[in-house]
Amino acid sequence: MNIALIGYGKMGKAIHEIANQKNEQLGENKYNIQLIVDIENRATTTLEDLRKCDVAIEFTSPHTAIENIKWCFDAGIPVVVGSTGWLDKLDEIKALASSKNQTILYSPNFSIGVNIFFEMNRQLAKIMNKYDAYDVEMEEIHHTEKKDAPSGTALYTALDVLKFVDRKVDWKNEPTNSENTLDIISLREPNVPGTHTVTYKSDIDSIELKHTAHNRKGFAGGAIVAAEWLVSKKGVYTMDDVLGFNQ
Ligand SMILES: NC(=O)c1ccc[n+]([C@@H]2O[C@H](COP(=O)([O-])OP(=O)(O)OC[C@H]3O[C@@H](n4cnc5c(N)ncnc54)[C@H](O)[C@@H]3O)[C@@H](O)[C@H]2O)c1
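If you read the sequence shown in this note's numbering, its first letter stands for residue 1, the second for the next number, and so on.
Here it is, written out as structure tokens:
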């Protein structure tokens with residue numbers, strides 16, 4: 001599988017490292033990093049260069065993701081998008097994918113553990129909808145260079161809480177202590193890859209659902225799993241499709 005890495009920062013490099021490790025274990029170059037694109041060579045890389053790849057994996061930034069997705073659509077190659085903070089444009093991208101018959105898989109978090117956390121969050125929210133003695137709040141902690149807040153993972157988690165817990169109607173990225181608002185507290189601390197907590201609290205007890213990433217290997221490994229899954233598909237997908245949570 002020939003892979004284009006679009007964005008060669010912390011995540012691009014982590015994906016390259018995992019691909020190399022997998023190849024070493026297999027004794028063959030199954031996950032071939034054919035092309036690396038970052039700011040310096042973005043303008044000089046052509047659609048022809050991209051077309052030599054079976055799939056692209058995009059981890060750049062909230063502001064550059066859309067342009068890169070459209071670029072992959074123009075080249076006609078499926079794209080796995082890890083960049084966060086662009087979901088306000090999701091409908092536009094879905095419509096474009098459909099009109100151009102192109103393929104995209106996006107997820108705010110490619111770690112298998114976080115996707116299990118997402119599914120547990122949905123199940124817990126469905127249960128807690130009946131128990132209004134519990135208030136619910138969220139916290140996310142990330143490294144200090146992170147550009148978006150709340151994190152894409154926190155936002156995705158929050159939207160699932162809002163979907164199933166009727167007493168919460170909106171979210172705010174600050175402490176409001178309001179009955180109908182889901183508070184998301186974002187903390188930035190050095191070297192934290194990502195920690196997300198959902199807490200249901202009553203006067204008598206608390207229930208906490210927490211995922212702690214110890215490093216970036218989970219995101220990187222999950223992105224390669226997603227790329228391999230996507231390569232023979234057409235359409236718009238998320239990690240729920242890869243892991244079978246949509247069935
Ligand atoms: N989905 C996930 O599992 C997951 C996990 C971690 C991070 N992220 C997200 O992925 C994105 C990247 O994270 P990171 O930690 O690697 O960031 P980073 O800042 O370390 O790396 C981003 C890289 O993209 C490059 N870049 C910027 N604009 C570009 C463009 N137009 N074309 C090509 N390259 C460009 C930058 O030069 C940089 O090297 C962020 O949005 C982050 O929130 C997602």
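C-beta: ideal position from N, C-alpha, C; glycine also.
Under the three-state reduction of DSSP, which class applies to residue i: helix, strand or coil?
i	result
Q102	coil
D88	helix
K126	helix
H142	strand
G218	helix
D248	Nothing can be reported for residue 248: it is not among the residues displayed for the chain, which extend from 1 to 247.
D135	strand
F110	coil
K94	helix
V225	helix
N65	Note on residue identity: the sequence assigns Ala, not Asn, to residue 65. Helix, per DSSP.
N121	helix
N115	helix
N29	coil
If you draw a straight line from the alpha carbon of residue i to that of residue j, how long is it in whole angstroms?
i	j	result
E48	A56	13 Å
K89	I66	8 Å
K100	K233	14 Å
T103	P78	5 Å
L182	T45	43 Å
I185	K70	33 Å
P193	M11	11 Å
V169	L159	10 Å
Y31	V161	37 Å
C72	G9	19 Å
A95	T238	16 Å
I15	I204	44 Å
L5	Y156	24 Å
Exposed or buried, what is residue i when buried is set at 16 or more other beta-carbons lying within 10 Å of its beta-carbon?
i	result
Y131	exposed
R216	buried
N191	exposed
N68	buried
E137	buried
V198	buried
M128	buried
E189	exposed
G7	buried
E140	buried
L105	buried
A125	buried
D166	exposed
S111	buried
In the DSSP assignment, find the beta strand (DSSP E) that holds residue i and state where it starts and stops.
i	result
G244	Segment: none, G244 is in no beta strand (DSSP E) and carries neither H nor E.
T153	From DSSP, T153 is part of no beta strand (DSSP E) but of the alpha helix (DSSP H) over G152 to F164.
N2	N2 to I6
R188	T181 to R188
A56	V55 to E58
V192	Premise fails: V192 is in no beta strand (DSSP E) and is neither H nor E.
V81	V79 to V81
G235	G235 to Y237
Any Cβ of chain D within less than 9 Å of the Cβ of residue i?
i	result
E67	Absent here is chain D; the protein component of the structure consists of one chain.
For residue i, report the span of its alpha helix (DSSP H) as first-last.
i	result
I204	Counting along the chain, I204 falls outside any alpha helix (DSSP H), and DSSP gives it neither H nor E.
N32	It is not in any alpha helix (DSSP H) - N32 instead sits in the beta strand (DSSP E) that spans N32 to V37.
E17	K10 to L26
Who does residue i pair with in a DSSP beta bridge?
i	result
W171	L182
H196	E140 and H211
D148	Bridge partners of D148: none, in fact.
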